[in-house]
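A.B. asks:
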Amino acid sequence: AGNKILLADGSISITVEEILSETELRGTVLNSKTLGQRKNCNLPGVRVDIPVLTEKDINDLQNFAAKHKMDFVAASFVQSKADVEFIRRVLDEAGGHHVKIISKIENLEGLKNFDDILEVTDGIMVARGDLGMEIPSEKVPVAQKMMITKCNIAGKPVICATQMLESMIDNPRPTRAEMTDVANAVYDGVDCVMLSGESANGNFPDTAVATMAAIVANAETGVDYYSQYAFIRYWATKAGSQAMSAAEAILASAASMAVGFTEDTTPEMGGAVRSQVRLESGTERQMGGIMRLESS
Numbered sequence: 083a084g085n086k087i088l089l090a091d092g093s094i095s096i097t098v099e100e101i102l103s104e105t106e107l108r109g110t111v112l113n114s115k116t117l118g119q120r121k122n123c124n125l126p127g128v129r130v131d132i133p134v135l136t137e138k139d140i141n142d143l144q145n146f147a148a149k150h151k152m153d154f155v156a157a158s159f160v161q162s163k164a165d166v167e168f169i170r171r172v173l174d175e176a177g178g179h180h181v182k183i184i185s186k187i188e189n190l191e192g193l194k195n196f197d198d199i200l201e202v203t204d205g206i207m208v209a210r211g212d213l214g215m216e217i218p219s220e221k222v223p224v225a226q227k228m229m230i231t232k233c234n235i236a237g238k239p240v241i242c243a244t245q246m247l248e249s250m251i252d253n254p255r256p257t258r259a260e261m262t263d264v265a266n267a268v269y270d271g272v273d274c275v276m277l278s279g280e281s282a283n284g285n286f287p288d289t290a291v292a293t294m295a296a297i298v299a300n301a302e303t304g305v306d307y308y309s310q311y312a313f314i315r316y317w318a319t320k321a322g323s324q325a326m327s328a329a330e331a332i333l334a335s336a337a338s339m340a341v342g343f344t345e346d347t348t349p350e351m352g353g354a355v356r357s358q359v360r361l362e363s364g365t366e367r368q369m370g371g372i373m374r375l376e377s378s
């Protein structure tokens with residue numbers, strides 16, 4: 083008793099007064115709000131001990147996703163590495179080896195085990211709606227940036243979702259804060275932004291999609307890709323202590339990562355940049371070529 087139950091992304095709050103049985107309780111509804119069908123329910127601070135997949139989920143994965151060769155499946159409320167590994171086994175048993183898994187991080191347990199989850203998943207979704215109910219709302223932006231950064235370093239795709247253009251469910255134009263939220267997700271380094279209610283049951287679904295696309299396209303013109311690349315490269319190679327092979331760089335469509343640049347600032351060199359390349363023939367050579375930086 084005393085805990086809160088949140089419905090529909092927190093739009094309705096209930097204080098638990100008494101536990102009547104394993105399936106019933108008595109509570110006090112703290113505010114008035116229209117409740118639609120099939121809305122989510124959150125228990126902040128409570129670790130929900132239920133399997134990541136129900137019997138219906140398993141059937142859907144094996145007899146629909148795997149059978150029809152889906153590209154991705156998104157798993158809700160992933161809380162551990164074991165959850166992802168279980169989903170992988172379920173898919174593989176039905177021949178769904180090609181189906182990629184997007185793990186939705188929606189509660190505190192998922193955040194606590196994020197590094198382990200990231201190690202085995204194919205991608206991450208920052209599901210801010212449920213996450214904002216499970217942890218203090220002021221911590222959601224910090225969690226978002228942490229997950230996006232770690233995904234960038236790991237080379238795993240990351241999606242930012244929920245309430246990005248929420249007002250467009252009823253209005254033809256988003257608020258300025260929503261526009262900025264979408265743009266900031268791009269600046270943070272997300273690979274994808276996602277609509278939900280705006281396109282699922284909104285009054286302006288096509289306009290919402292076009293608006294988000296326009297915001298993203300314009301935001302990308304302001305991304306400092308050089309700094310972003312330098313940051314990712316620094317941490318992906320553990321501060322330069324691990325050399326990236328040429329084969330790995332080519333496969334990642336980042337051949338420039340196979341070259342390590344160090345700046346020699348001595349007057350004789352005039353700020354030249356010397357390159358070192360690790361070759362995969364079993365030997366390491368230092369390339370003698372020096373590229374001078376022209377100053378205007």
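Start counting the sequence shown at 83; every next residue gets the next number (my numbering).
By construction, the Cβ of each residue, glycine as well, lies at the ideal position given by its N, Cα and C atoms.
1) May I have the straight-line CA-CA distance separating Asp198 from Met229, to the nearest angstrom?
2) Excluding the five sequence neighbours on either side, which residues of its own chain have a C-beta within less than 7 Å of the C-beta of Lys121, listed in chain order?
3) Note the first and the last residue of the continuous beta strand (DSSP E) segment covering Leu89.
4) Check whether the stretch 142-162 and the stretch 175-183 touch, using three or more Cβ-Cβ pairs below 8 Å as the test.
5) Run through the DSSP bridge pairs and tell me what Ile183 is partnered with.
6) Just to check my reading of the structure: Val272 and Met294 have Cβ atoms closer than 8 Å, yes? What is that Cβ distance to the nearest angstrom?
7) Nearest CA to the CA of Thr110: which residue from Cys233, Val166, Phe154 and Gly84?
8) Jot down the residue ranges of each uninterrupted alpha helix (DSSP H) in the stretch 182-215, minimum 4 residues, whole runs only, in chain order.
9) List the endpoints of the continuous beta strand (DSSP E) containing Glu99.
10) Starting from Ser243 and walking both ways along the beta strand (DSSP E), at which residues does that stretch end?
11) Can you find a CB in chain B that lies within less than 7 Å of the CB of Ile206?
12) Looking at C-alpha atoms only, which residue of Lys221, Leu193, Asp263 and Glu248 is the closest neighbour of Lys232?
13) Among residues of its own chain, excluding the 5 on either side of Glu191, which ones have a beta-carbon nearer than 8 Å to its beta-carbon?
14) Please classify Arg171: does DSSP put it in a helix, a strand, or coil?
15) Using CA atoms only, rank isn't needed, just tell me which of Asn283, Asn189 and Phe313 is closest to Gly237.
16) Under DSSP, the alpha helix (DSSP H) around Gly237 begins and ends at which residues?
17) Do you know how far the Cα of Phe196 is from the Cα of Ile297?
18) Below 7 Å between beta carbons: does that hold for Gln144 and Ala176?
19) With DSSP as the reference, identify every bridge partner of Thr110, one or two as the case may be.
20) Is the Cβ-Cβ distance between Asn283 and Glu216 less than 7 Å?
21) Please state the DSSP three-state secondary structure of Met276.
22) On a CA-only basis, which of Val208, Asp142, Ala290 and Gly304 is nearest Val240? Give me that one, please.
23) Measure from the alpha carbon of Leu173 to the alpha carbon of each residue in Glu106, Ile187 and Met152, then state which is nearest.
24) Short of 8 Å in beta carbon distance, which residues of its chain neighbour Val202, apart from the five on each side in sequence? Order them along the chain.
25) Need the endpoints of the alpha helix (DSSP H) that Ser309 sits in, please.
26) Keeping to the same chain, check which residues put their C-beta closer than 6 Å to that of Ala301; ignore five residues upstream and five downstream.
27) As a quick exercise: from Asp212, Ile132 and Leu135, pick the residue whose alpha carbon is nearest that of Ile87.
28) Note the first and the last residue of the continuous alpha helix (DSSP H) segment covering Lys138.
29) Spell out the partners DSSP gives Asn124 in its beta bridges.
30) Short of 7 Å in beta carbon distance, which residues of its chain neighbour Glu188, apart from the five on each side in sequence? Order them along the chain.
C.D. replies: Per the coordinate set shown:
1) 12 Å
2) Leu89 and Ala90
3) Lys86 to Leu89
4) yes
5) Val155
6) Their Cβ separation, rounded to whole angstroms, is 12 Å, which puts Val272 and Met294 out of contact at 8 Å.
7) Gly84
8) 190-194 and 196-202
9) Ile94 to Ile101
10) According to the sequence provided, residue 243 is Ala. The question's Ser does not apply to it. Its beta strand (DSSP E) spans residues Val240 to Ala243.
11) Here there is only one protein chain, and chain B is not present.
12) Leu193
13) Arg129, Gln161 and Ser162
14) helix
15) Phe313
16) Segment: none, Gly237 is in no alpha helix (DSSP H) and carries neither H nor E.
17) 29 Å
18) yes
19) Thr97
20) no
21) strand
22) Val208
23) Met152
24) Lys163, Val166, Glu167 and Arg170
25) Tyr307 to Ala318
26) Ala265 and Val268
27) Asp212
28) Glu137 to Asp142
29) Leu88
30) Ser158, Phe159, Ala209, Asp212, Leu213 and Glu216
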